[in-house]
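S.K.:
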Amino acid sequence: MGIHANCSADGPPPAVSLVPVAKGLDHPWAVAFLPDGQFLVTERPGRMRVVSPSGQVSPALMGMPTVA
């Protein structure tokens, strides 16, 4: 995994916008993208959910280990 940053003092900074892709998550913690366009999201309380490309959030997946 790599990150590329392009730094320049010329001109104004580029515009940045946030676009929500799903609602109803409790402190989303990490994201893993799946080959079919869905993604897995972990929440701070220890739940994992599947989010569809349209933003539909699944019920919490069963069988996840507890978070200490």
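Position 10 of the sequence shown, counting from 1, maps to 987 under the numbering used here, and the rest follow consecutively. All residues carry an ideal CB built from backbone N, CA and C; glycine is no exception.
#1: Whole angstroms are fine: how far does the CA of V1018 sit from the CA of P990?
#2: Near A999, what residues of its chain come up, given a Cβ to Cβ distance below 7 Å and the 5 sequence neighbours on each side ignored?
#3: Do R1021 and L1038 have their CB atoms nearer than 8 Å?
#4: Which class does L1038 belong to by DSSP, given the choice of helix, strand or coil?
#5: Under a three-way DSSP split, which group does A992 fall into?
M.R.: Put simply:
#1: Here residue 990 is taken as the residue at index 13 of the sequence shown, counted from 1. Here residue 1018 is taken as the residue at index 41 of the sequence shown, counted from 1. The straight-line gap from Cα to Cα measures roughly 30 Å.
#2: Residue numbering aside, residue 999 sits at position 22 when the sequence shown is read from its first letter. Cβ within range, chain order: V1028, G1032 and V1034.
#3: To locate residue 1021, count along the sequence shown from 1; it is residue 44. To locate residue 1038, count along the sequence shown from 1; it is residue 61. Contact: no.
#4: Taking the sequence shown and counting its residues from 1, one reaches residue 1038 at position 61. Here L1038 sits in coil by DSSP.
#5: What you label residue 992 is simply residue 15 of the sequence shown in a count that begins at 1. Of the three classes helix, strand and coil, the one that applies to A992 here is coil, per DSSP.
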